[in-house]
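Structure record follows, encoded as structure tokens.
What follows is the structure, encoded as structure tokens:
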């Protein structure tokens with residue numbers, strides 16, 4: 273579809289120059305190109321419609337499949353007189369059906385049923401998890417273990433942590449970060465996609481060796497707003513420089529407006545002129561959506577020019593190359609002696 277769109281743009285240019293082309297042969301070629309452009313546009317629409325229908329059908333079929341599997345699960349009953357053996361069978365019966373699911377949830381029926389085994393029998397779930405080499409069963413077992421784990425299960429949870437990363441939430445819950453220090457450091461240092469729980473665990477360790485890895489992840493992350501609450505308190509880092517790097521990373525590497533708005537609102541209080549202009553340009557427009565109130569607050573708080581949004585925009589436009597952030601007043605203002613100031 274991108275291919276067709278690219279051709280459409282190029283061929284559309286042909287319609288613009290068509291009227292100005294005096295050569296009859298070239299005019300005929302342009303006619304053919306214009307027609308080809310129409311054909312590609314129609315094909316592009318058809319492909320888009322087919323894709324949307326396929327996605328809708330897949331979602332419907334997926335839900336139908338899950339409904340059938342849920343009915344099968346409800347037929348499995350927790351043993352009235354539980355023993356180690358019939359509990360193992362109960363777990364196995366659930367996982368046989370759970371393996372057929374195509375979507376997972378920590379609050380799903382599978383997890384709720386596995387949790388019936390109880391904290392006192394969590395070892396059964398752990399043993400089963402270590403035998404489960406792949407498939408949805410791993411997810412449902414880790415969800416149940418996460419919910420049932422107690423302080424006395426510390427060694428087992430930390431042993432599993434290296435392979436089952438969702439268990440980091442148990443480590444955070446009981447404050448086991450220092451017990452799992454080596455695993456956390458290794459994970460943060462050598463993984464490019466770090467879950468928020470791991471990030472918080474690394475922050476809690478307060479190990480300077482991790483600061484560089486944490487800063488780099490914050491800069492490239494798509495969830496900077498959450499991570500900033502932790503990164504801003506790291507000792508020994510230039511938070512302004514880090515925020516400016518994160519703004520540049522978002523500004524030049526993403527088309528996601530939501531992400532750009534998020535980092536812009538972080539960067540404005542640190543004097544980033546581009547971020548200020550970005551918020552000002554979008555404020556009051558549909559693209560700003562839920563960010564509007566906070567964005568408008570930041571503009572009013574940090575702009576030396578007061579007034580309506582159109583008035584502030586006009587002020588910035590007239591002084592665009594001379595807008596600076598004054599460290600003393602902590603306001604975006606215009607360089608002194610600039611001839612267009614306050615126009």
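Residue numbers (the working numbering): 273 to 615. Built from N, CA and C at the ideal position, the CB exists for glycine as well.
Output the boundary residues of the alpha helix (DSSP H) element that contains residue i.
i, result
"residue 454", "453 to 462"
"residue 491", "483 to 492"
"residue 585", "581 to 590"
"residue 499", "496 to 503"
"residue 478", "Per DSSP, residue 478 belongs to no alpha helix (DSSP H) and is neither H nor E."
"residue 513", "511 to 525"
Which stretch, first to last residue, makes up the beta strand (DSSP E) that contains residue i?
i, result
"residue 603", "603 to 606"
"residue 596", "595 to 598"
If you draw a straight line from the alpha carbon of residue i to that of residue j, how long is it in whole angstroms?
i, j, result
"residue 468", "residue 437", "11 Å"
"residue 549", "residue 475", "32 Å"
"residue 608", "residue 594", "9 Å"
"residue 330", "residue 379", "In this prediction, residue 330 scores a pLDDT of 40, lower than 50, which makes its location untrustworthy; the coordinate-derived value is nonetheless stated afterwards. Looking at the two C-alpha atoms, the distance is approximately 22 Å."
"residue 530", "residue 389", "42 Å"
"residue 483", "residue 454", "15 Å"
"residue 448", "residue 504", "23 Å"
"residue 600", "residue 535", "23 Å"
"residue 496", "residue 490", "6 Å"
"residue 386", "residue 598", "59 Å"
"residue 487", "residue 514", "7 Å"
"residue 589", "residue 605", "12 Å"
Which residues in the same chain as residue i place their Cβ atom closer than 6 Å to its Cβ, once the five residues preceding and following it in sequence are excluded?
i, result
"residue 532", "522"
"residue 369", "341, 344 and 345"
"residue 401", "413"
"residue 423", "446"
"residue 511", "504"
I'd like the list of long-range same chain contacts for residue i, defined as Cβ closer than 7 Å, with 5 residues on each side in sequence excluded.
i, result
"residue 540", "547, 548, 551, 570 and 574"
"residue 351", "358, 359 and 362"
"residue 381", "342 and 345"
"residue 433", "439, 440, 443, 452 and 455"
"residue 626", "Coverage of the chain is limited to positions 273 through 615, which leaves residue 626 absent and any answer about it impossible."
Identify, in the order they occur along the chain, each residue of the same chain with its Cβ nearer than 8 Å to the Cβ of residue i, setting aside the five sequence neighbours on each side.
i, result
"residue 566", "537"
"residue 479", "453 and 457"
Worksheet item: Could you give the uninterrupted runs of the alpha helix (DSSP H) lying entirely in the segment 352 to 404, keeping only those of 4 residues or more?
Response: When DSSP assignments are scanned along the segment 352 to 404, the uninterrupted stretches of alpha helix (DSSP H) that are 4 or more residues long and fall wholly within it turn out to be 356 to 370, 381 to 387 and 394 to 403.
Item to complete: Tell me the start and end of each unbroken alpha helix (DSSP H) in the segment 417 to 442 that is at least 4 residues and wholly inside, in chain order.
Response: 426 to 433
Worksheet item: Would the segment 386 to 400 and the segment 436 to 452 be scored as touching if the rule is three or more Cβ pairs under 8 Å?
Response: no
Fill in: Every unbroken alpha helix (DSSP H) inside the segment 532 to 569 [4 residues or more]
Scanning the segment 532 to 569 for uninterrupted alpha helix (DSSP H) segments of 4 residues or longer gives 545 to 554, listed from N- to C-terminal end.
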